[in-house]
Amino acid sequence: MDTVTHKDQTLKKEQPTLYIRKALPQDLDRVLLVEQLAFGHDQEAQLVRELLNDPSAQPVVSLIAFQGGRAVGHILFTSATLKEAKRAVSIAILAPLAVVPDAQKQGIGGKLIHRGLELLANAGIHFVFVLGHPDYYPRYGFKPAGKLGFKPPYPIADEHADAWMVQALGRGVMGPVGGKVLCAEALNKPEYWSE
Ligand SMILES: CC(C)(COP(=O)(O)OP(=O)(O)OC[C@H]1O[C@@H](n2cnc3c(N)ncnc32)[C@H](O)[C@@H]1OP(=O)(O)O)[C@@H](O)C(=O)NCCC(=O)NCCS
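Take any residue in the sequence shown, note its place counting from 1, add 25, and you have its number in this note's numbering.
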């Protein structure tokens, strides 16, 4: 945490309070700006715009984080289905997650993940999948999905197999499930599945 020296005492400079809520239609520009700033290009902002308008992605969980009145983080979960599974389960996909550069490493990404998973668990979702950094998402409960028999929408190269992860919510589902994940149309492009 930053410190400020004030006369003979050192005061801790507190970060403004973090506030997370569901993103509303009128937050769209803020959400897209967070995505652009975090990733440094427009691809994810464009994906978010498409997913929010994609009927096959509904219902979504879209959360925005504010710090000191400024939007600093966004997370999106979209609906998906599991084909050839051993049990009927409800699933969602986390993509993308974004925290603006100057607000990173304060736990905001983790809080967005936790809040989203809580909402999804309450909505009866059994599993949440992500294709992402294999050193980051396990901090928040994700495990390699391939070893559990879950196939991604597009094949992932062996050297990136650990980037395909899953987390069971609530009490989980007894016994093996497996199956192939079918994602929303806007996410169903090979370029989104090559880590
Ligand atoms: C990845 C991201 C969302 C993390 O947000 P954040 O609010 O900084 O995350 P947290 O504060 O919860 O966790 C920060 C920790 O994760 C680590 N971390 C961040 N990105 C990481 C990565 N790609 N791989 C491994 N660890 C990573 C940080 O080094 C930090 O570690 P520390 O606690 O030991 O210092 C943010 O860095 C970001 O928006 N990056 C650009 C967009 C992106 O890559 N999104 C993820 C797409 S899968």
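For glycine and all other residues, C-beta sits at the position ideal for the given N, C-alpha and C. Remember, predicted model here, so these are calculated numbers, not experimental data.
Quiz item: DSSP beta-bridge partners for residue 119?
Solution: Here the question's residue 119 lines up with position 94 in the sequence shown. Its beta-bridge partners are 102 and 155.
Self-check item: Cβ-Cβ separation, residue 198 to residue 168 (assumed contact under 8 Å), whole Å
Solution: Taking the sequence shown and counting its residues from 1, the one referred to as residue 168 is at position 143. Taking the sequence shown and counting its residues from 1, the one referred to as residue 198 is at position 173. In fact, because the Cβ distance is near 14 Å, the residues do not count as touching under 8 Å.
Quiz item: Ordered along the chain, which non-local residues of its own chain (more than five positions away) have a Cβ less than 6 Å from that of residue 62?
Solution: In the sequence shown, the residue the question calls residue 62 occupies position 37. Cβ neighbours of residue 62 beyond the five flanking positions: 125.
Quiz item: Looking only at C-alpha atoms, which of 211, 209, 218 and 214 sits nearest to residue 187?
Solution: Within the sequence shown, the letter at position 162 stands for residue 187. Among 211, 209, 218 and 214, the Cα nearest to that of residue 187 is on 218.
Self-check item: Distance cut 6 Å, beta-carbon to ligand 1 heavy atom: residue list by chain order
Solution: 63, 64, 121, 122, 123, 124, 129, 130, 131, 132, 133, 134, 135, 157, 158, 160 and 161
Quiz item: Rounded to a whole number of angstroms, what is the C-alpha to C-alpha distance between residue 110 and residue 76?
Solution: Walking along the sequence shown from the start, residue 110 turns up at place 85. Walking along the sequence shown from the start, residue 76 turns up at place 51. Approximately 25 Å between the Cα atoms of the pair.
Quiz item: Does the distance from the C-beta atom of residue 92 to that of residue 51 stay below 8 Å?
Solution: Here residue 92 corresponds to residue number 67 of the sequence shown, with the count starting at 1. Here residue 51 corresponds to residue number 26 of the sequence shown, with the count starting at 1. Against a cut-off of 8 Å, the Cβ pair of residue 51 and residue 92 comes out as no contact.
Quiz prompt | the stretch 131-151 / the stretch 176-183 touching (three or more Cβ pairs under 8 Å) | solution = no
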